[in-house]
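Enquirer: The structure follows.
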Amino acid sequence: FAKSQQHRQQSHTSRSRSNIASRATQADREERKDRGERKLGQEQEKMANRGNKLYKACCDGDINTVRQLLPEITADELNEEYNWDDDDSPLYGACESNHEAIVALLLAHPKIVIDQYSQQYYGRLIAKVQEKMRKAALAKAEADRVAAEEAAAKAKAEADRIAAAQKAEADRIA
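Put into structure tokens, the structure is as follows:
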């Protein structure tokens, strides 16, 4: 009987310790979850602030702010609709304000998505800017090709000059 009572006492103590540990573990999990949610909320707020800054800069024609924000912006921030009354994206805001240079910067960004409203209302402007970008890319490619040909011609001329000088020196010695 004494052993049975001692066993029950140990079992009760063990369960109490287990319950305390379980409650502590649960409290730790809840604390980690709260910290995670706070961090997520801070990240979402930071994204919204950056995205709102980008949207405002696009509407205002502030090309320096746009250039500053674009390298660090996420795809979600770049393509989000920030004017909640009108569902405007930064691209739409730049198109609506007719800021072609900013439209070009946005279209050149690898994460840009041309939203339906921008395409629907400003498709001509977007096409015009894309055509300018295409022509600029072709002109740059042509300039790079010409520069490469000129560099190759200079290198060949220098090699010919050196070969002629070496031949003249060999003829002089012989």
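Counting in this note's numbering, the sequence shown runs from 3 upward without gaps.
Yeah, the Cβ is synthetic: ideal placement off N, Cα and C, and Gly gets one too.
Here the structure is a predicted model, which means the values were calculated and not measured.
What are the boundary residues of the alpha helix (DSSP H) that includes V68?
Expert: For this step, residue 68 is matched to residue 66 along the sequence shown. Looking at the DSSP string, the run of the alpha helix (DSSP H) that includes V68 is I65 to L71.
Enquirer: Which residue wins for smallest C-alpha separation from Q70, given the options H111, Y94, E102 and N100?
Expert: As a first step, residue 70 is located in the sequence shown; it is residue number 68 there, counting from the start. Of the candidates H111, Y94, E102 and N100, the one whose C-alpha sits nearest the C-alpha of Q70 is H111.
Enquirer: At the level of alpha carbons, what is the spacing between S99 and D162?
Expert: By 1-based counting over the sequence shown, the position of residue 99 is 97. By 1-based counting over the sequence shown, the position of residue 162 is 160. If I take the Cα positions, the gap works out to 58 Å.
Enquirer: In chain order, what residues of the same chain lie with their CB nearer than 7 Å to the CB of K142, ignoring the 5 residues before and after it?
Expert: Taking the first residue of the sequence shown as 1, we reach residue 142 at position 140. Hits under 7 Å: none found.
Enquirer: Under three-state DSSP, which class holds A154?
Expert: Indexing the sequence shown from 1 puts residue 154 at position 152. Three-state result, A154: helix.
Enquirer: Taking all protein chains shown into account, do 16 or more other C-beta atoms lie within 10 angstroms of the C-beta of V148, making it buried, or fewer, making it exposed?
Expert: As a first step, residue 148 is located in the sequence shown; it is residue number 146 there, counting from the start. By the neighbour-count rule (16 or more Cβ atoms within 10 Å), V148 is not buried but exposed.
Enquirer: Could you tell me the alpha carbon to alpha carbon distance between Y124 and A150, rounded to whole angstroms?
Expert: Here the question's residue 124 lines up with position 122 in the sequence shown. Here the question's residue 150 lines up with position 148 in the sequence shown. Taking the straight line from one Cα to the other gives about 39 Å.
Enquirer: Using only alpha-carbon positions, find the residue among C97, L140, R52 and A155 that is nearest to L80.
Expert: Residue 80 sits at position 78 when you count from the first residue of the sequence shown. Considering only alpha carbons, the answer is R52.
Enquirer: Check D62 in the structure and name its three-state DSSP category.
Expert: Mapped onto the sequence shown, residue 62 falls at position 60. Three-state DSSP puts D62 in a helix.
Enquirer: Identify which residue in R174, D78, E74 and V105 has its Cα closest to the Cα of C61.
Expert: Position 59 of the sequence shown, counted from the first residue, corresponds to residue 61. Checking every option, the nearest Cα to that of C61 belongs to V105.
Enquirer: Closer than 8 Å by C-beta to K55: which residues in its own chain qualify, once you throw out the five before and the five after it? Chain order, please.
Expert: As a first step, residue 55 is located in the sequence shown; it is residue number 53 there, counting from the start. Contacts found: T67 and L71.
Enquirer: Should Q121 and I128 be called a contact, given that it needs their Cβ atoms to be closer than 8 Å?
Expert: For the purposes of this step, residue 121 is taken as the residue at position 119 of the sequence shown. For the purposes of this step, residue 128 is taken as the residue at position 126 of the sequence shown. Yes, Cβ-Cβ distance for Q121 and I128 is below 8 Å.
Enquirer: If you run the structure through DSSP and keep just helix, strand and coil, what is I128?
Expert: Mapped onto the sequence shown, residue 128 falls at position 126. Three-state result, I128: helix.
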